[in-house]
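K.L.:
In the UniProt record's numbering, the protein residues as written are 7 to 877.
Below is one structure. I have some questions about it.
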Amino acid sequence: STIYLKDYQVPPYLIDKTELTFDLDETTTVVTSRLHMRRNPEFGLSTTPLVLDSGVDVKLIALAIDDYTLPEEEYRLSENQLIISATPDVFILTCETLIEPQNNTRLEGLYRSSSMFCTQCEAEGFRHITFYLDRPDVMSIFTTTIIGDESRYPVMLSNGNEIERGKTDEGKTFVVWHDPFPKPAYLFALVAGDLEVKNDVFVTQSNKEVKLQIFTESHNLDKVDYAMEALKRSMRWDETAYGREYDLDIFMIVAVDDFNMGAMENKGLNIFNSSCLLASPKTTTDDSYLRVEAIVAHEYFHNWSGNRVTCRDWFQLSLKEGFTVFRDQSFSADMHSETVKRVEDVSFLRTAQFAEDAGPMAHPVRPASFIEISNFYTLTVYEKGSEIVRMIHTLLGAEKFRAGSDLYFERHDGQAVTCDDFVSAMEDASGVDLTHFKRWYSQSGTPVIEVTDEFDAASGVYRLTMTQHTPETAAQPVTLPLHIPVKMGLLDPNGQEISAYFNGQESQEHVLHLTAESQVFEFTGVTTQPVPSLFRSFSAPIKLRYDYSSEDLLLLMSSDSDGFNRWSAAQQLAVNELTVLINQAIAKQALSIDSQLVKGFKNLLENKELDPAMVALILALPSQAYLSELAETIYPAAIKEARGFFKKLIAKELEEDFGRLYREHHLEGEYSPQAKDIAHRSLKNMALSYWLETDSELAHQTVKTQFESANNMTDQFAALSSAVHSQHEDAENMLASFYEQWQHEPLVVIKWLMLSANQEAADALSRVKGLMEHEAFDLKNPNKVRSVLGGFGQNVSGFHHEDGSGYAFLADQIIVLNKLNPQIASRLCTPLTRWKKLQPELGQKMKGQLERILKEDLSKDVYEVISKCLA
Ligand code: ARG
Ligand code: ZN
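Structure (structure tokens):
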């Protein structure tokens, strides 16, 4: 049953106040709700029945309107609804339900994670707790009473402030929490457990003291300091960058081990997957440190972009997610390096979001329909949504953008609104017309921009002709031109920026507005044939087609004033050369290439002025996944062969440089996750991974020494992965001793599982089956499932085995998880959604597995993905 945006109606009823009581117990938890309800005047006077959402796992015990207990013939209960046909205009609905959190393997609603109780209510988890109007435009003031056994659950938390505490007649403890801010049910949270706490204080810009608390199980309390500091940085940043101050007296974060996603912004009580919160030098890599900081910031920023102003309906999800991702990206850029952050974000977008936008699950940033909303927490809604906000920032400029965001928060505080409302605030505050621009929200697919140019030396005129086309997608057969901001500049043959006239303005950098299907842009005062630097900082999420020569790309790579485009030029050159090699591999020819990129790399490595983090990023070859996205038809083994060959070739040519870089960027002393140190480590470890591809005896010793003596996880794990990926003769031993060393740290075990599942080998599949039997594995823990099955999905020799056994294995696991945890099962389908693009022999085998899955009794989550794949 598909739900459509066009069918939106305001809710027939409102819930002004929500009073909840949870009597927590090991077997059955009793939930009592008192909902202060009234008919919604905006809906119009009517006799519309009251329809409450419910989950199959909620058992109804008693139902009353005011003091009248409803007999069974006065309501109707179906699998997902409770319908009461007659109600007064204003009334209190009391409802008693039973749930079994310990049997909740979906991890939606109230569930157990190790010894604690916790919740996940976004998007529609609250209905698995009790009957409710579980939609974001129903906002209510919550008061929550939690009753539990003090010895097992000394800590019992919910949103807002603790207002009362005491003992029940049976000797249990009760705690009452009150949240003064009206909120939708998806922001409700409850946690109970034997937890330790780290306390801190933040003083806001208007001098209000906020108590900060991070709760974990006792063995993890030593890993929360970094998150606490990140939280304080986020709070300060939101004040300075957006003028947003925190609004409650207390802000709490809890880490849980079993969690479907990364984290959740519940009002005043964020709940985190422990992998996104905990950090310590010995167990956490640099990447993970940065991730923790970004996610802490993201969830904190939701307090305004999400909670104070929320979404009218789930089609508007990007209203809060796109904007909040843009905010967290800007924060991380300010904390570290702007260019490095941009490269990482774009690289991810171009690899994963572009693939999604070209596949069977393609949808606009504001989808027009869905079967299961959980399937739409996507790269498109999050990352492409953030790109839309970034383009608005580019079109308005920083100052007007800030005015727009101020107006948005002021105008809509306490409301549930739409993406259109966001854009209107931006327009009203800036005077910029975004009517055409808004099409980005409703049209899916990645636009392709073809650019040609001509230069007339005599007149000094340089012309760029740009045409745009968005390929049709699964979501729409017809596409229209978009309003695309093109940030660009021109370089002369020496790599100097050219100051040219455009529209009477002289500048080295211009923002062009591509709005029509085809447009000509004319520059004057140009004295030499320029090389255009287009879409600087990736000013729009598009695919650029311009026929750059290798020399052009080398010039941009070494001289562009835009750091992002220097990286992008190197990637493009690498893609061009890899494409030649991939085609040779497909044709089963011997691989060979006269590489220009190697020359660019040589220059790069000799330049001591550059940020080592940028050098490392430029040296990173386009990934298997990115090359697959670019390919018309994906030949996984050929791509792998070409990448392997190319990496070895570069390694041999630059062997001495890599050895030297390794030594130059090796840091002594105590670990710190500051940008400068991260940069040195990333370049050192990138150099090591190349160096290992040579026959250098020293390199082979170095990797072992680093593995054994590193004082931090970044270096230890980099050594291990390089050894594994270069098929070092000691790789097996190293993997075994790594597990031995870290088996008691679940977050390190996750990394070990992922790397092991990813290890390329002829017998990869049987190894992965072994991993699933391993003591460290647990099918009920999403992190472990993601590590092993997600890691396996990237394993070319295992997953894409020519006999199809890899696909059959993943399908088997999806079928099992479909019953256990539909959200996780659905996410695991992603590698199967590419079947149409795969080389035909493989694609047909994959399709066969999709058809097999479709015959099962499927959850909405898995059904939607599989059926769309086969449509
Ligand atoms: N709002 C959360 C975030 O982006 C994501 C939670 C989504 N969870 C889910 N099960 N769909 O921070
Ligand atoms: Zn979010």
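Glycine included, C-beta positions come from ideal geometry on N, C-alpha and C.
Computed from a prediction, not measured in an experiment: that's the story for all the values here.
(1) Along the chain, where does the beta strand (DSSP E) containing C101 start, and where does it finish?
(2) Assign M778 to one of three DSSP states: helix, strand, or coil.
(3) Please check the pair I377 and Y74, which I expect to be a contact at CB under 8 Å, by giving their CB distance rounded to whole angstroms.
(4) Looking at T330 and ligand 2, is the gap between the Cβ and the nearest heavy atom below 7 Å?
(5) How far does the alpha helix (DSSP H) with I599 in it reach, from first residue to last?
(6) How about the stretch 123-141 and the stretch 183-193: do they share at least three Cβ pairs that are nearer than 8 Å?
(7) Check the C-beta distance from L777 over to L759 and give it rounded, since I have them as a contact under 8 Å.
(8) Tell me the DSSP secondary structure of W183 in three-state form.
(9) With a threshold of 7 Å (Cβ to nearest heavy atom), would H399 be considered close to ligand 4?
(10) Which of helix, strand or coil does DSSP assign to P453?
(11) Could you check what DSSP says for L673 in three-state terms: helix, strand or coil?
(12) Looking at the strands, I want to know which residues DSSP matches up with S702.
(13) For the pair the stretch 808-822 and the stretch 591-606, tell me if three or more CB-CB distances fall below 8 Å.
(14) Taking 7 Å as the limit between beta carbons, can you name the residues of its chain near N824, skipping five residues before and five after?
(15) For ligand 1, I want to know if Q482 counts as a neighbour, meaning its beta carbon is within less than 7 Å of at least one of the ligand's heavy atoms.
(16) Please report the straight-line C-alpha distance between T441 and R112, rounded to a whole angstrom.
(17) Taking only three categories from DSSP, how would you classify P547?
(18) Kindly confirm or deny that the stretch 841-848 and the stretch 637-655 touch, where touching means at least three C-beta pairs closer than 8 Å.
(19) What number of angstroms, rounded off, separates the C-alpha of F208 from the C-alpha of D185?
(20) Counting pairs of Cβ atoms below 8 Å between the stretch 544-561 and the stretch 574-592, do you hit three or more?
(21) Take E478 as the anchor and find which of F508, D412, A522, M367 has the nearest alpha-carbon.
(22) Pick helix, strand or coil for P628, following the three-state DSSP scheme.
(23) Looking at the strands, I want to know which residues DSSP matches up with G131.
(24) Find out if the Cβ-Cβ distance for the pair V492, A431 is shorter than 8 Å.
(25) So N717 and Y677 are supposed to be a Cβ contact under 8 Å. How far apart are they, rounded?
(26) Taking the alpha carbon of L69 as the reference point, which residue from R40, V709, R396, E523 has its own alpha carbon closest?
(27) Under the rule that 16 or more other beta-carbon atoms within 10 Å means buried, what is A593, buried or exposed?
(28) Mind reading off the beta-carbon distance from R372 to F321? Whole number of angstroms is fine, and I expect it under 8 Å.
(29) Can you tell me where the beta strand (DSSP E) with E170 in it begins and where it stops?
(30) Going straight from the alpha carbon of M341 to that of D292, what length do you get?
(31) If you measure from the CB of H308, is any heavy atom of ligand 2 nearer than 7 Å?
(32) Quick check: what's the CA-CA separation for G166 versus V438?
(33) Flag this pair as yes or no: are the beta carbons of M43 and L99 separated by less than 8 Å?
(34) Could you check where the alpha helix (DSSP H) with C875 kicks off and where it finishes?
(35) Please classify V203: is it buried, with 16 or more other beta-carbons within 10 angstroms of its beta-carbon, or exposed?
(36) Any contact between the stretch 460-477 and the stretch 524-541? By contact I mean 3 or more CB pairs, one from each, below 8 Å.
P.N.:
Reading off the structure:
(1) 96-105
(2) helix
(3) That pair is no contact at about 38 Å.
(4) yes
(5) It is not in any alpha helix (DSSP H) - I599 carries neither H nor E in the DSSP assignment.
(6) yes
(7) 6 Å
(8) strand
(9) Looking for ligand 4 in the displayed structure turns up nothing; the ligands present are ligand 1 and ligand 2.
(10) coil
(11) coil
(12) Partner(s): none; S702 has no beta bridge.
(13) no
(14) A831, E862, L864, S865, V868
(15) no
(16) 41 Å
(17) coil
(18) yes
(19) 20 Å
(20) yes
(21) M367
(22) coil
(23) G131 is not bridged to any residue.
(24) no
(25) 6 Å
(26) R40
(27) exposed
(28) 6 Å
(29) 167-173
(30) 14 Å
(31) yes
(32) 39 Å
(33) yes
(34) 866-876
(35) exposed
(36) yes
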